[in-house]
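*Asks:* First the structure, then my questions, so here it is.
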Amino acid sequence: MTGRWPALNLRRQLMLVSLLLLTLPWAGCQFIREMESALRLGQEQSLRATAEAVAAVLGQQEELLYPTPARRVAPADATGTIYAHPIDQIIIVDGYADGWEEIDATQLRSATGSTPLTVTYQVATRGDTLYLMMMVSDDEVVFHNPGVSREPNGDRLILRTWRDGQRQEYIISTSAPGRVRAIAQGPLNDSTDGHRIKGVWQDTAKGYNLELEIPIESTGDRLGFFLVNARQRPGGKFETLGNVKPLDTLAPPWLIYSPPSLQAAIAPFADGGSHLQVIDKDHWLIADLPASHAVETGNPQTFWLFRLLYRSILASEQVLFEPDHASSGKANGNEVRSALS
Numbered sequence: 554m555t556g557r558w559p560a561l562n563l564r565r566q567l568m569l570v571s572l573l574l575l576t577l578p579w580a581g582c583q584f585i586r587e588m589e590s591a592l593r594l595g596q597e598q599s600l601r602a603t604a605e606a607v608a609a610v611l612g613q614q615e616e617l618l619y620p621t622p623a624r625r626v627a628p629a630d631a632t633g634t635i636y637a638h639p640i641d642q643i644i645i646v647d648g649y650a651d652g653w654e655e656i657d658a659t660q661l662r663s664a665t666g667s668t669p670l671t672v673t674y675q676v677a678t679r680g681d682t683l684y685l686m687m688m689v690s691d692d693e694v695v696f697h698n699p700g701v702s703r704e705p706n707g708d709r710l711i712l713r714t715w716r717d718g719q720r721q722e723y724i725i726s727t728s729a730p731g732r733v734r735a736i737a738q739g740p741l742n743d744s745t746d747g748h749r750i751k752g753v754w755q756d757t758a759k760g761y762n763l764e765l766e767i768p769i770e771s772t773g774d775r776l777g778f779f780l781v782n783a784r785q786r787p788g789g790k791f792e793t794l795g796n797v798k799p800l801d802t803l804a805p806p807w808l809i810y811s812p813p814s815l816q817a818a819i820a821p822f823a824d825g826g827s828h829l830q831v832i833d834k835d836h837w838l839i840a841d842l843p844a845s846h847a848v849e850t851g852n853p854q855t856f857w858l859f860r861l862l863y864r865s866i867l868a869s870e871q872v873l874f875e876p877d878h879a880s881s882g883k884a885n886g887n888e889v890r891s892a893l894s
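For the sequence shown, the numbering used here assigns the number 554 to the initial residue and increments by one for each residue that follows.
Right, dumping it as structure tokens:
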């Protein structure tokens, strides 16, 4: 009898020690969760400070957001506004769709004819240059015939810009596939020259492609266009298709793009690994600077079961997502609407 009590006490002591050891992982997880919460709070405060600094800079230099001051107070266009996606890669203007795969497209279709005229267009900017890609479905392509008239008489594109309160138009046509020329129609400013608009026309199985390179400064931050679809028979009817109509007298729709000066002004704030986005009053995404370096999210060599366990223990119940960006270039989301309100 006297020999059993020490054994029983030893069992109790071992059990007590085991229970204490079992609490160590739980205490460690709680400590890590508290550290993670503290780090998350610090990161949130740092991001808030960065956002306030960017807002202060832009608040004092609104021309960075709105190169044309009139757009600051203008109502949002219901239709026709053109959004140009900022790109880093070089686009070779050759009439082919190479390099445009990642850029959103907009399609317009005529309501007349057994085979409707269709144009799918994409717009991008790189530096101070605007790129325009048009893929036209046309069952009867008509080239300009110099023997009929000196004025363009075949299928053609009319570009409409706005300079110093005046409408400026450029007619783009060709007598054969290849390089195209832009003919200025209407009053020209000294700095505006139709020869600065370069482009290439390429035939396709469904019609033709037209790719253009345009100086942004020549647009006046507005851009309208319409295609003129001619017919082979002289004097025959023609139809038009675009984001403006030939007889419109108002200024063409706004051209929304990311000004290089805006990108340069906020670039220093992205050095700390922050992803910065600037959204204007109409929800247009006018600047998007990714983080300067990628953040390591985990060691890929960690066993998958351990990674799953770590995530289940340390994951936050509230998951925050980036603002949703529609294909049109507009930013949506409750946080965006709350900030703009």
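Ideal placement from N, C-alpha and C gives every residue a C-beta, glycine not left out.
Can you find the residues in the same chain that come closer than 6 Å, C-beta to C-beta, to residue 685, ignoring five residues on each side of it along the sequence?
*Replies:* Mapped onto the sequence shown, residue 685 falls at position 132. Answer for residue 685: 676, 765, listed in chain order.
*Asks:* Which two residues bound the contiguous beta strand (DSSP E) that contains residue 753?
*Replies:* If you number the sequence shown from 1, residue 753 lands on position 200. Its beta strand (DSSP E) spans residues 751–756.
*Asks:* Give the straight-line distance between the Cα atoms of residue 718 and residue 590, rounded to the nearest whole angstrom.
*Replies:* What you label residue 718 is simply residue 165 of the sequence shown in a count that begins at 1. What you label residue 590 is simply residue 37 of the sequence shown in a count that begins at 1. So the alpha carbons of these two residues sit roughly 55 Å apart.
*Asks:* Got a sec? Which residues, its chain only, sit under 7 Å from residue 571 by beta carbon, not counting five neighbours each side?
*Replies:* Position 18 of the sequence shown holds residue 571. Here the set comprises nothing.
*Asks:* Which term fits residue 721, buried or exposed, when burial requires 16 or more other beta carbons within 10 angstroms of its beta carbon?
*Replies:* On the sequence shown, position 168 is the one that residue 721 refers to. Flag for residue 721 reads buried.
*Asks:* Around the Cβ of residue 782, are there at least 16 other Cβ atoms within 10 angstroms (buried) or fewer (exposed)?
*Replies:* Against the sequence shown, residue 782 aligns to sequence position 229. Buried.
*Asks:* Taking only the alpha-carbon atoms, compute the straight-line gap between residue 588 and residue 889 and give it to the nearest angstrom.
*Replies:* Taking the first residue of the sequence shown as 1, we reach residue 588 at position 35. Taking the first residue of the sequence shown as 1, we reach residue 889 at position 336. Computed Cα separation, rounded: 29 Å.
*Asks:* In the DSSP assignment, what residue or residues form a beta bridge with residue 795?
*Replies:* Residue 795 sits at position 242 when you count from the first residue of the sequence shown. Paired residues: 779.
*Asks:* Once DSSP output is grouped into helix, strand and coil, what is the label at residue 744?
*Replies:* Along the sequence shown, one-based indexing puts residue 744 at 191. Low per-residue confidence applies at residue 744: pLDDT is 48, beneath 50, and the placement is therefore not dependable enough to give any value.
*Asks:* Identify which residue in 707, 617, 724, 629 has its Cα closest to the Cα of residue 750.
*Replies:* Position 197 of the sequence shown holds residue 750. Comparing Cα positions, the closest option is 724.
*Asks:* Can you look up residue 726 in the DSSP assignment and give me helix, strand or coil?
*Replies:* Reading the sequence shown from its first residue, position 173 is the one you call residue 726. If DSSP states are grouped into helix, strand and coil, residue 726 belongs with the strands.
*Asks:* Would you mind working out which of 727, 768, 622 sits nearest residue 747, comparing C-alpha positions?
*Replies:* Taking the sequence shown and counting its residues from 1, the one referred to as residue 747 is at position 194. With distances taken between Cα atoms, residue 747 lies closest to 768.
*Asks:* Inspect the beta-carbon positions of residue 682 and residue 772 and report whether they are closer than 8 Å.
*Replies:* In the sequence shown, residue 682 corresponds to position 129, counting from 1. In the sequence shown, residue 772 corresponds to position 219, counting from 1. Their beta carbons are not under 8 Å apart, which means residue 682 does not touch residue 772 by this criterion.
*Asks:* Quick check: the segment 726–736 against the segment 690–701, are there 3 or more CB pairs under 8 Å?
*Replies:* yes
*Asks:* Is any beta-carbon of chain D found at less than 8 Å from that of residue 835?
*Replies:* Structure shown: chain D not included; a single protein chain is present.
*Asks:* Applying the 10 Å Cβ sphere with the 16-neighbour rule, what's the burial state of residue 732?
*Replies:* Residue mapping note: residue 732 aligns to position 179 of the sequence shown, counting from 1. Exposed: under 16 other Cβ atoms inside 10 Å.
*Asks:* Between the segment 622–636 and the segment 793–804, can you find at least three pairs of beta-carbon atoms closer than 8 Å?
*Replies:* yes
*Asks:* With distances taken between CB atoms, is the gap from residue 617 to residue 808 smaller than 8 Å?
*Replies:* Residue 617 sits at position 64 when you count from the first residue of the sequence shown. Residue 808 sits at position 255 when you count from the first residue of the sequence shown. Result no, Cβ atoms of residue 617 and residue 808 do not sit closer than 8 Å.
*Asks:* For a quick check, are the C-beta atoms of residue 660 and residue 673 less than 8 Å apart?
*Replies:* What you label residue 660 is simply residue 107 of the sequence shown in a count that begins at 1. What you label residue 673 is simply residue 120 of the sequence shown in a count that begins at 1. Their beta carbons are under 8 Å apart, which means residue 660 touches residue 673 by this criterion.
*Asks:* Starting from residue 684, follow its DSSP beta bridges and name the residues at the other end.
*Replies:* Mapped onto the sequence shown, residue 684 falls at position 131. In DSSP, residue 684 forms a bridge with 677, 766.
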